Ligand code: GLN
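Numbering (full-length UniProt numbering), first residue to last: 31 to 538.
Here it is, written out as structure tokens:
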């Protein structure tokens with residue numbers, strides 16, 4: 031962790047991944063306690079882990095990159111943070127993000143954009159991943175200059191977490207993923223990013239954006255480290271009312287175990303693994319830069335015994351529109367609590383205001399106008415409209431129907447059933463085990479280029495939102511390409527993280 035703190039001090043001014051860091055933990059006692067041999071080693075002992083600033087950390091703030099929560103300092107840890115600490119992790123700091131998780135480029139932040147560290151001195155000196163990155167020596171490069179006009183986005187909304195991992199500032203990082211916010215930045219920065227099955231990781235203490243979609247995401251330098259952190263966090267939490275019940279988790283886990291044992295998959299071999307390639311995941315906007323690395327990855331998996339099966343998922347074309355209607359509708363409700371009275375920034379009315387004639391709505395509007403940024407206001411307006419009586423059927427209900435169609439597409443192609451709905455299902459031999467597709471349609475976009483605010487920004491999420499709508503596990507793995515990093519996504523049935531990780535390791 032000393033190394034990581036030194037790297038943060040040297041490189042964060044130019045990357046802007048961290049908004050706050052914690053003081054180093056006290057040094058271990060000089061003589062190990064006589065009982066030391068009796069305690070098991072902790073899974074994450076002394077490992078520095080960064081946490082997105084929309085996840086509560088006691089005494090370290092949770093500002094969500096918003097004016098609204100700039101001064102918010104939670105008096106408690108989110109369950110996922112408690113679990114990290116219990117596993118021995120050093121919570122090294124809080125990472126920059128898009129305000130309340132809304133965005134794909136980490137440009138909607140009161141702390142300014144995160145700069146993609148790929149190819150920078152920070153990134154080059156962190157690349158020896160088998161050993162932990164070295165601290166910058168005194169002859170280390172001086173502070174890099176301010177972002178050049180060619181600076182690229184780290185992706186969003188968990189851009190700070192992805193950049194922190196890519197620049198060797200931490201061992202792993204937590205993000206959140208509502209529609210792609212862990213996978214997209216992981217792909218742009220060249221690190222691994224997991225959006226787990228909805229309901230596996232506790233959301234208690236995680237600031238809501240859209241409750242039915244929000245997941246805590248995990249990022250690390252390789253699949254093995256991502257899995258290690260996921261295993262620490264994959265615990266039922268009764269404080270999260272949307273947590274999957276222990277018996278549901280267990281049924282899915284056992285089904286995957288049976289399939290993996292029956293097929294004899296081990297490190298290096300995936301004989302008979304059925305990989306679905308969804309034909310609708312190759313839209314016209316997709317660039318060649320992501321296609322070649324995908325083809326190579328698929329060929330590599332085939333060489334290990336996997337079988338490729340083309341599949342069709344016809345509802346994909348409507349998933350993005352449905353996502354933005356649903357996520358905005360839920361956001362308008364989730365963010366209603368920030369009224370400047372009970373929660374959030376409080377703006378006083380100008381002196382001399384006659385409070386007797388000022389409505390509560392006018393008072394709320396003062397705080398909300400000052401507290402929320404442009405993108406958040408846009409979503410609240412869009413979402414409130416979609417929920418209004420006149421538009422409800424045409425927008426909100428229609429989007430819910432599309433969500434079900436997207437879900438049905440996945441259930442039709444997977445061999446393992448969704449144990450949230452059926453606990454006795456048989457694994458079909460015709461279905462696929464995983465889907466594989468590019469994580470994004472392009473490599474990291476330039477910060478000064480197109481895509482800063484128009485509709486085209488939303489297109490970046492077209493390949494990540496279907497798994498979010500269906501609540502399925504999706505892992506973005508960086509694969510060999512030329513130039514800027516490319517991520518390939520592995521998507522599995524609900525609760526099938528073990529299969530997804532096995533394929534991810536083989537794709538690395
Ligand atoms: N880019 C998407 C959005 O802006 C996804 C965000 C997320 O996953 N938090 O809504």
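Each residue gets a CB set at the ideal place from its N, CA and C atoms; glycine is no exception. Quantities reported herein were computed from a predicted structural model and do not represent experimental measurements.
Rounded to whole angstroms, the separation of the alpha carbons of residue 291 and residue 520 is 20 Å. Going by C-alpha positions, residue 185 is about 32 Å away from residue 300. It is roughly 33 Å from the alpha-carbon of residue 243 to the alpha-carbon of residue 152.
Only exposed fits residue 101, as fewer than 16 other CB atoms lie within 10 angstroms of its CB. Annotation for residue 207 indicates a beta carbon within 8 Å of some heavy atom of the ligand GLN. Secondary structure of residue 203 (DSSP, three-state): strand. Residue 500 is positioned such that its CB atom lies closer than 9 Å to that of residue 433.
Contact between residue 48 and residue 123 holds, with the beta-carbon distance rounding to 5 Å and staying under 8 Å.
In the displayed model, residue 407 falls within a helix according to three-state DSSP. Per the Cβ contact rule, the region 76 to 84 is in contact with the region 112 to 126 (3 or more Cβ pairs under 8 Å). Residue 246 sits close to residue 231, with the two beta carbons spaced by under 9 Å. In this structure, DSSP gives residue 245 an extended state, which the three-state scheme calls strand. As a beta-bridge residue in DSSP terms, residue 467 pairs with 519. A distance of 9 Å or more separates the beta carbons of residue 233 and residue 223. Around the Cβ of residue 210, a 10 Å sphere holds 16 or more other Cβ atoms; the residue is buried.
A residue is called buried when at least 16 other Cβ atoms come within 10 angstroms of its Cβ; residue 341 meets this threshold and is buried. Between the region 129 to 140 and the region 183 to 198 there are three or more inter-stretch CB-CB distances shorter than 8 Å, so the stretches are counted as touching. Across the set 384, 407, 380 and 388, the C-alpha of 407 shows the shortest separation from the C-alpha of residue 359.
Contact between the region 467 to 479 and the region 412 to 419 is absent: fewer than 3 CB-CB pairs across the two stretches fall below 8 Å. Taking 9 Å as the cut-off, the beta carbon of residue 131 is found no closer than this to the beta carbon of residue 183. Under the DSSP assignment, residue 441 falls in the alpha helix (DSSP H) whose first and last residues are 428 to 443. By the neighbour-count criterion, in which 16 or more other beta carbons inside 10 Å mark a residue as buried, residue 238 falls on the buried side.
In the assembly as shown, residue 269 is an exposed residue. Its beta-carbon has fewer than 16 other beta-carbons within 10 Å.
DSSP, read as helix, strand or coil, puts residue 378 in coil. Within 8 Å of the C-beta of residue 472 there is not a single heavy atom belonging to the ligand GLN. In this structure the region 436 to 456 does not lie against the region 386 to 394, because fewer than three pairs of beta carbons, one per stretch, are closer than 8 Å. Proximity of the beta carbon of residue 128 to the ligand GLN is indicated: a heavy atom of the ligand is located closer than 8 Å. For residue 211, the CB falls within less than 8 Å of some heavy atom of the ligand GLN. Cβ contact annotation for residue 73 (same chain, cutoff 8 Å, sequence separation greater than five): 117, 118, 258, 261 and 262, in chain order. Note on residue 147: 16 or more other CB atoms within 10 angstroms of its CB, so buried under the neighbour-count rule. By the beta-carbon neighbour count (other beta carbons within 10 angstroms, threshold 16), residue 61 is exposed. For residue 260, the enclosing alpha helix (DSSP H) starts and ends at 253 to 263. Per DSSP, reduced to three states, the secondary structure at residue 33 is helical. Residue 397 and residue 369 do touch by the CB rule: their CB atoms are close to 7 Å apart, below 8 Å.
The alpha carbon of residue 280 has as its nearest neighbour, out of 448, 89, 382 and 46, the alpha carbon of 448. Residue 255 counts as buried, since no fewer than 16 other beta carbons sit within 10 angstroms of its beta carbon.
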